Amino acid sequence: MQKASGRTASVRQSTSDSQSPRSSLWRSFLFLKKYRNIAFSVYLLALVVNVLSILIPQTIRWIIDAGIIRQDMSILLWSLAGLIGLTVLKGAFDFVLGRWTEVASQGVAYDVRNAIYDKLSSLSFSYHDQAQTGQLLARSISDVERIRFLTGRAILRLFQTSSLMLFTFFALLLMNPLLATLSMLLMPLLAYVAWRFGRLFRPLSLDLQHQLAEMTTVLEQNLRGAKIVKAFAQEDAEIGRFERQNQKWFDLARQQVIVQTQHIPLLDFIASLSTVVIIWLGGRLVIENQLTIGELVAFTTYLGQLISPVRRLGMIIPALAMASASGERIYTILDAQSEVNDAPDAIQLPAIEGNVRFENVSFSYFNQRSVLDKLNFEASAGEVVALLGETGSGKSTVINLIPRFYDVSGGRIRVDGYDIRDVTLNSLRDQIGIVLQETVLFAATIRENIAFGLETVTDAEVIEAAKAAQAHDFIMAMPQGYDTDVGERGVTLSGGQKQRIAIARALLKDPRILLLDDATSSVDTETEHLIQVALERLMRGRTSFIIAQRLSTVRMADKVLVLQDGRVGAAGTHAELLRKSGLYAEIYDRNLRN
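Residue numbers for the sequence shown follow our numbering, so the first one is 1243 and each next one is one higher.
Below you can see the structure in the form of structure tokens.
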């Protein structure tokens, strides 16, 4: 019976695509849980800084009323010393506050980046087939940076500003209830303008970040395909394509600036009106001897302390909006569900012999045209199977299904009698070696590329694998031998050299099942012959699947499968198929004879 869990499913995006900004922000703050002790200390220290901010204007009031007005030099000197002490203490606390805030927020960014990378590494091929690299890069860098700012300085400043306004209001009430009430009358209007600012700014932030990702994608594609662009003389066309994307980004950025220039000065104006009210009415009260000069100065100092935080509100609100948009984009990745997963009751695949059986296997990419249609065949342990067929016949799909890069749409694949969906992915893939059609090397040394994926491997084993893949000689001819850095995607190596390093990497793994997807397509005839000799020896005792492109590959196979319309159109040895299969004879004459 076929199990439902851990089986075929479409790549699903979570509800984070439509999640509320509140949900996105809340999830971002959950990353602070790991740093809760530091975060708690930060907000406690912020309250202490605000208390000191409240004491400073009172000290100034005391200096004026008790020292200057009364002409008491002793009080003046001691009060000034106290004011200096409060200022130094506040500065020291601000330094610690900033440092701890960065420790916590950088820790959040570190964890979010790791979570994104872990998720991207675990998602199946079908997700990466549809995702754009530029989009993923933008989310992993710029969006994470906005989350860092949110969980660090942005929310701290919001907390500091809110609590400072509250403390200031109570201090003003104690000094003069009428002036305190009048100075705070405009705060509801200030809050409304700030809210309206955030409501307009947030969708623009989301659009801008999406456009930045689109622009990054165009840039990444052009850098990757620089040779093709130049070979087809398409520099001007690609420059124009980038300029169009850049213009869209510029237009969105300009709209953001317009919204900012409309609202931030208005926020400043409203805050300044409170100061005007205090000076006008407070001045009258001083003239009428109902308020001291020291108290009036203290009032204006308090309001002056609020102007800077209020201005910061104009930056905090858009920061919250941008962080909310960034969070939505990040959680779209983190909530994505992989098409291929371990079943809840998956078992460890024991050491296998290598028998592979396809039973009525059907498969289609993204629920579109069927690639395989009830495909049936069996490869016995140690057998070499060559896959042959026209483009689109399903050869590469067969290679991709065995290690569960994708899951079948119907039927099942058995390895030594185990349905591969009933065993863990790691235990299955640990016993499979593969050389992909597009050779992938990392920006590391040749030794590191050959030993990739193996925790303990000796230099002798690396060299032996390289010799078997006919790579040792050209490696030793390089200036640094096995310590030569291959550059990004192996740019310093030829196609044939990259192919042989990839083969050495697969052989070093010593797998029971070997998958070679067009493994000798990038080498010359002489090198191909050397590789074929090595493969004949190394594939002995292993079940091997080779996508056939040359006659030598077909001749060495124990079984040739000719795929046609997603099924086995013919099967047998090279000699048998030449005698009995018109389909094979046609492919042989057209593609293999030369």
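Think of the CB as a built atom: it goes at the ideal place given N, C-alpha and C, for glycine as much as any other residue.
Keep in mind that this is a model prediction, so the values were computed, not measured.
In chain order, each alpha helix (DSSP H) run of at least 4 residues that lies wholly inside the region 1405-1465: 1419-1425
- prompt: Whole beta strand (DSSP E) runs in the region 1780-1833 with 3 or more residues, listed along the chain?
  reply: 1785-1789, 1801-1806, 1809-1814, all fully within the region 1780-1833.
message: Could you compute how far the alpha carbon of S1258 sits from the alpha carbon of L1432?
response: With a pLDDT of 38 at S1258, under the threshold of 50, the predicted position of this residue should be treated as unreliable, though the coordinate-derived value follows. Approximately 31 Å between the Cα atoms of the pair.
task: Assuming A1346 and L1274 form a contact by the criterion Cβ under 8 Å, report the distance between their Cβ atoms to the nearest whole angstrom.
output: Yes, they are in contact, since the Cβ atoms of A1346 and L1274 sit about 6 Å apart, within 8 Å.
- request: Tell me whether R1486 sits in a helix, a strand or coil according to DSSP, three-state version.
  value: helix
field: Supposed close pair S1635, I1789 - CB separation, criterion 8 Å
entry: The pair is not a contact, with the Cβ atoms about 10 Å apart (cut-off 8 Å).
- prompt: On the three-state DSSP scale, how would you describe A1475?
  reply: A1475 falls in the coil class under three-state DSSP.
message: In the DSSP output, which residue or residues are listed as bridge partners for Q1300?
response: In the DSSP output, where bridge partners are listed per residue, Q1300 has none listed.
- prompt: Just how far apart, CA to CA, sit F1694 and S1566?
  reply: If you take the alpha carbons of F1694 and S1566, they lie about 38 Å apart.
field: In DSSP terms, what F1921 is bridged to
entry: The first residue shown for the chain is 1243 and the last is 1836, placing residue 1921 beyond what the model contains.
- request: Run the CB neighbour count on W1342, radius 10 Å, all protein chains shown included, and call it buried at 16 or more, exposed below.
  value: buried
field: Three-state secondary structure assigned by DSSP to Y1359
entry: helix
message: Taking a contact to mean a Cβ-Cβ separation below 8 Å, would you say A1288 touches Q1402 in this structure?
response: Yes. Within cutoff.
query: Among the residues of its own chain, which have a CB less than 6 Å from the CB of Y1826, if the five just before and after it don't count?
result: V1804, A1812, L1819
task: Counting only the same chain and skipping the five closest in sequence on each side, list residues whose C-beta sits under 7 Å from that of A1588.
output: G1248, D1664, V1665, T1666
query: Which residue from A1495, T1542, Q1489, R1747 puts its Cα closest to that of A1513?
result: T1542
Three-way DSSP call (helix, strand, coil) for D1759 in this model: Coil, per DSSP.
query: Among all the DSSP beta bridges, which residues are the ones paired with I1674?
result: I1755
query: Okay, do the region 1734-1745 and the region 1703-1718 touch, 3+ Cβ pairs below 8 Å being the bar?
result: Short answer: they touch.
Strand pairing of A1628, partner residues [DSSP]: I1788, V1802
Start-to-end residues for the alpha helix (DSSP H) that takes in K1276: Segment: none, K1276 is in no alpha helix (DSSP H) and carries neither H nor E.
query: When you compare each of G1569, R1671, V1518, G1624 to L1643 by their alpha carbons, which one comes out closest?
result: R1671
query: Where does S1635 fall in DSSP's three states?
result: coil
query: Should the region 1396-1416 be regarded as contacting the region 1481-1490, the criterion being three or more beta carbon pairs within less than 8 Å?
result: no
- request: Check T1700 in the structure and name its three-state DSSP category.
  value: Reduced to three states, the DSSP call for T1700 is coil.
query: With a Cβ-Cβ cutoff of 8 Å, do G1652 and S1604 count as a contact?
result: yes
- prompt: Thinking C-beta only, is I1302 closer than 8 Å to L1325?
  reply: yes
query: By Cβ distance below 7 Å, which residues in the same chain neighbour L1446 in space, the five residues on each side in sequence not counted?
result: L1494, Q1497, Q1498, V1501
query: What's the call for Q1451, buried or exposed, on a 16-neighbour Cβ count within 10 Å?
result: buried
- prompt: Taking DSSP as the reference, what is the three-state secondary structure of T1687?
  reply: Of the three classes helix, strand and coil, the one that applies to T1687 here is strand, per DSSP.
- request: Quick one: using the 10 Å Cβ neighbour count with 16 as the cut-off for buried, is F1511 buried or exposed?
  value: It is exposed - the Cβ of F1511 has fewer than 16 other Cβ atoms within 10 Å.
query: So what's Y1648 in DSSP terms, helix, strand or just coil?
result: Three-state DSSP puts Y1648 in coil, outside helix and strand.
message: Any contact between the region 1592-1602 and the region 1752-1760? By contact I mean 3 or more CB pairs, one from each, below 8 Å.
response: yes
- request: Please list, in chain order, all residues of the same chain as S1270 whose beta carbon is under 7 Å from its beta carbon, the five residues on each side excluded.
  value: These residues qualify, in order along the chain: I1389, L1392, T1393, A1565, G1569.
- prompt: How many Å lie between D1752 and E1768 at the Cα?
  reply: 25 Å
message: Bridge partners for Y1660 per DSSP, in chain order?
response: V1657
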